[in-house]
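See below for the structure under consideration.
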Amino acid sequence: MTILERLLGHDAWTTRQLLLRCRELSDEQLDRPFELGDKSLRETFHHLIDVMERHTGFLLGQTNTASHREETSLESMLTCLTLVSKAFADIALRIERQGREDELITNPRNGNKRTYGGVIAHLITHSMHHRAQILAMLDSLGVPDVLEGDALGWESVARGWGWSDGGSYGNMVAE
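Using our numbering, the first residue of the sequence shown is number 2, and each one after it goes up by one.
Next up, the structure:
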């Protein structure tokens, strides 16, 4: 597994786990505004996924990269996250395999030039930034036992190693 494959897998899985965890919240909790980012949980997830959609479209060379998704239910966002995460991973890995990370592309909406690699890195770090906000929001709502969302914890689950404490610290479970 390459570093990019790890980052893409961690990114999609962790966002999905947080969305799934929000199923236990009421609409009032999902829509409660927080000073952090001036958005609610629902708005933050919607923004995170919307940016993934638009930038993935940009990487794919689509000229109309605006999201047409208006539905903000958790189930619709989970479905959309699944689709856009797959599309993003596919194009990012294709760009990496072709050695095109430093190739410049131009945004047709504003003429800005970006590298493919820069857009890929931006999407992954953008998602992490907003997941950190989501973790703080869940904590302020008193949601217990929310995953830390770190890459080592994800890898222990993805590879099936398992950690005795369920996180990224401690000892691996003896087989």
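C-beta atoms are modelled at their ideal positions from N, C-alpha and C, and glycine is treated no differently.
Predicted, not measured: the structure shown is a model, and the values here were computed from it.
Residue i classed as buried or exposed, judged by whether at least 16 other C-beta atoms fall within 10 angstroms
i, result
"residue 154", "buried"
"residue 150", "buried"
"residue 130", "exposed"
"residue 58", "buried"
"residue 27", "exposed"
"residue 60", "buried"
"residue 37", "exposed"
"residue 78", "buried"
"residue 54", "buried"
"residue 80", "exposed"
Separation of residue j from residue i, as counted between CA atoms
i, j, result
"residue 5", "residue 109", "27 Å"
"residue 101", "residue 128", "22 Å"
"residue 133", "residue 92", "25 Å"
"residue 142", "residue 75", "17 Å"
"residue 71", "residue 84", "16 Å"
"residue 51", "residue 82", "9 Å"
CB-CB length for residue i against residue j, believed under 8 Å
i, j, result
"residue 32", "residue 24", "15 Å between Cβ atoms; not a contact."
"residue 122", "residue 10", "Not a contact, Cβ separation roughly 16 Å."
C-beta atoms of residue i and residue j nearer than 7 Å
i, j, result
"residue 106", "residue 19", "no"
"residue 124", "residue 48", "no"
"residue 137", "residue 86", "no"
Cross-strand partners of residue i (DSSP beta bridge)
i, result
"residue 115", "106"
Any chain D beta carbon closer than 7 Å to residue i
i, result
"residue 15", "Note that chain D does not occur in the displayed structure, where there is just one protein chain."
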